[in-house]
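Comments concern the structure below.
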Amino acid sequence: MTVPAPPPQLLTPLDHALAWARAGEPVALATVTGTWGSSPRPAGSCMAMSAGGAVEGSVSGGCVETDVMTHAQDIMAGSPAQTLEYGVSSARAWEVGLACGGRLDVQVEAINSPACPTGTLPLALLEQACACMANRQAAALIRLPDGAQNALVVQTEQGCTVQFGTCPPEICNAANERMQHGRSGAEADATGRVWFVQPLVPAPRLLIVGAVHIAQSLARMASMVGLAPIVIDPRTALATVQRFPGLVPGQTLLADWPDEAMQTLGIDRMTAIATLTHDAKLDDPTLEEALRSPAFYIGALGSRKTQASRMERLRGLGFTEAELARIRGPIGLAIGAVGAEEIALSILADIIAVRRQAPLAQARGWQYP
Numbered sequence: 001m002t003v004p005a006p007p008p009q010l011l012t013p014l015d016h017a018l019a020w021a022r023a024g025e026p027v028a029l030a031t032v033t034g035t036w037g038s039s040p041r042p043a044g045s046c047m048a049m050s051a052g053g054a055v056e057g058s059v060s061g062g063c064v065e066t067d068v069m070t071h072a073q074d075i076m077a078g079s080p081a082q083t084l085e086y087g088v089s090s091a092r093a094w095e096v097g098l099a100c101g102g103r104l105d106v107q108v109e110a111i112n113s114p115a116c117p118t119g120t121l122p123l124a125l126l127e128q129a130c131a132c133m134a135n136r137q138a139a140a141l142i143r144l145p146d147g148a149q150n151a152l153v154v155q156t157e158q159g160c161t162v163q164f165g166t167c168p169p170e171i172c173n174a175a176n177e178r179m180q181h182g183r184s185g186a187e188a189d190a191t192g193r194v195w196f197v198q199p200l201v202p203a204p205r206l207l208i209v210g211a212v213h214i215a216q217s218l219a220r221m222a223s224m225v226g227l228a229p230i231v232i233d234p235r236t237a238l239a240t241v242q243r244f245p246g247l248v249p250g251q252t253l254l255a256d257w258p259d260e261a262m263q264t265l266g267i268d269r270m271t272a273i274a275t276l277t278h279d280a281k282l283d284d285p286t287l288e289e290a291l292r293s294p295a296f297y298i299g300a301l302g303s304r305k306t307q308a309s310r311m312e313r314l315r316g317l318g319f320t321e322a323e324l325a326r327i328r329g330p331i332g333l334a335i336g337a338v339g340a341e342e343i344a345l346s347i348l349a350d351i352i353a354v355r356r357q358a359p360l361a362q363a364r365g366w367q368y369p
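Residue numbers (the UniProt record's numbering): 1 to 369.
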């Protein structure tokens, strides 16, 4: 088996902030901490800025960035951290360009480093947060609006633990819940203080087993919604760059036996798995590995009859009914899909529903004949 090389690391605004701070520059972070109405960016969106004028990321898609950068320069020069309010209730909404009817709060704080000793976000905390993201370990960055207190919480098999700083137990527990769905937001502790919890979850992956026609559409669509597709199929005539443009052989396009590839890739809580081969020699070993992993989604293509036979074989291997219930099969939401593209859309919709814990995902069900 070929051991796949890890895909290139996608740098985030936090990674850029860390690099600039390590290079000796004053650095500020702007984070969306609250949104209402039609705000252009969700809570947790962030933008890194250096005193030299470098910028990575966005907090509004262009509406308020210039104003945020002006305040960030003052904060890097020694002004205290602050939360900026933009929206229809602000007299400055039209001035800064947020005229879409929404509202957002943006917390701006500097990184505490030798170049910026007045900063409120410790450089060591940023280093550990970036290390977690690089290692695909779910974590959450937690802080008070004025930057007076912050913490980094990491997810473990037993729940979560505070890796840096301090925070109340109820906030740690709230962070653990937010790491499950990846949505940032405010949480109040027992004393009424409001903390902002920003999950730093690994980039979600979609392992597609079977380089079939549906997989071609599914890989393209997955990339569009932020899932990183990896296609696995030992049949070299199918697993080609001509059929999967944009995927990299040995990294995101693997001509290997899928169960072996999955062992090497390492399946975590931010991994979805879809088997599409219709071949038990490939699908069954894949599902065995998937059921032993913490993958958040496991789906298998096939008719109800095929699915019933597959489940019976897996029962014979000792899997319990509770374990088998994790398999979404026949895969995809029942939207009456016809053709590869529509089937791929139904699969992707089901993955999104499960990831976001949408009622549609819980309501879906099927009965085996």
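Heads up, the beta-carbon is just placed ideally off N, CA and C, and yes, glycines get one too.
Beta-carbon contacts of residue i that lie in its chain and below 8 Å, excluding the five residues immediately before and after
i, result
"T2", "Low confidence applies here, because T2 scores a pLDDT of 45, under 50, leaving its location unreliable and the question unanswered by this model."
"L14", "L29, C46, A48, L126, A129, C130, M133 and L200"
"S303", "P330"
"V55", "M47, A48, M49, E65 and M69"
"A228", "P7, A203, P204, R205, L206, A222 and T252"
"E341", "S217"
Beta-ladder partner(s) of residue i, from DSSP
i, result
"W195", "E187"
"G299", "A274 and R328"
"I142", "A151 and V197"
"I232", "V209 and L254"
Endpoints, the beta strand (DSSP E) within which residue i is located
i, result
"L36", "Reading the sequence as shown, one finds Trp at residue 36 and not Leu. Note, W36: beta strand (DSSP E), V27 to W36."
"L84", "Q82 to G87"
"E177", "That residue, E177, is in no beta strand (DSSP E); its alpha helix (DSSP H) goes P169 to H181."
Whole-number beta carbon distance between residue j and residue i, since they are thought to touch under 8 Å
i, j, result
"I335", "I298", "Actually they are not in contact, since the Cβ atoms of I335 and I298 sit about 20 Å apart, beyond 8 Å."
"D233", "G266", "At roughly 19 Å, the Cβ-Cβ gap does not stay under 8 Å, so D233 and G266 are not in contact."
"I142", "N150", "6 Å"
"L348", "A222", "6 Å"
"F296", "T271", "7 Å"
"residue 422", "V27", "Shown here, the chain extends from 1 to 369; a query on residue 422 therefore has no answer."
"E323", "L291", "5 Å"
"G192", "D105", "Contact flag wrong, Cβ pair sits at about 18 Å."
"T161", "V153", "7 Å"
Closest Cα partner of residue i within the set the options
i, options, result
"T252", "A219, D279 and M224", "A219"
"F196", "T31, T12 and W20", "T31"
"G52", "V68, P42, G61 and G24", "G24"
"Q357", "R183, A337, P294 and K305", "R183"
"P359", "L345, L333 and G339", "L333"
"Q82", "G57, E323 and V108", "V108"
"P145", "F164, A110 and T161", "A110"
"T236", "V225, P258, G226 and S217", "P258"
"A306", "A280, A43 and N176", "Just to set this straight, residue 306 is Thr in the shown sequence, not Ala. Ranking the options by Cα distance to T306, first place goes to A280."
"A17", "A43, R41, G57 and P80", "G57"
Close beta carbons around residue i, own chain, < 6 Å, minus the five adjacent residues each side
i, result
"E187", "I171, A174, W195 and V197"
"residue 376", "Within the shown structure, residues of the chain are numbered from 1 to 369, placing residue 376 beyond reach of any answer."
"P122", "N112"
"V212", "L276"
Span of the alpha helix (DSSP H), counted from its first residue to its last, around residue i
i, result
"S223", "H213 to M224"
"P285", "A280 to L291"
"I352", "G339 to R355"
Cβ-based neighbour list, residue i, same chain, cut-off 7 Å, excluding 5 preceding and 5 following
i, result
"A215", "I208, V231 and L276"
"V354", "F296, Y297 and A361"
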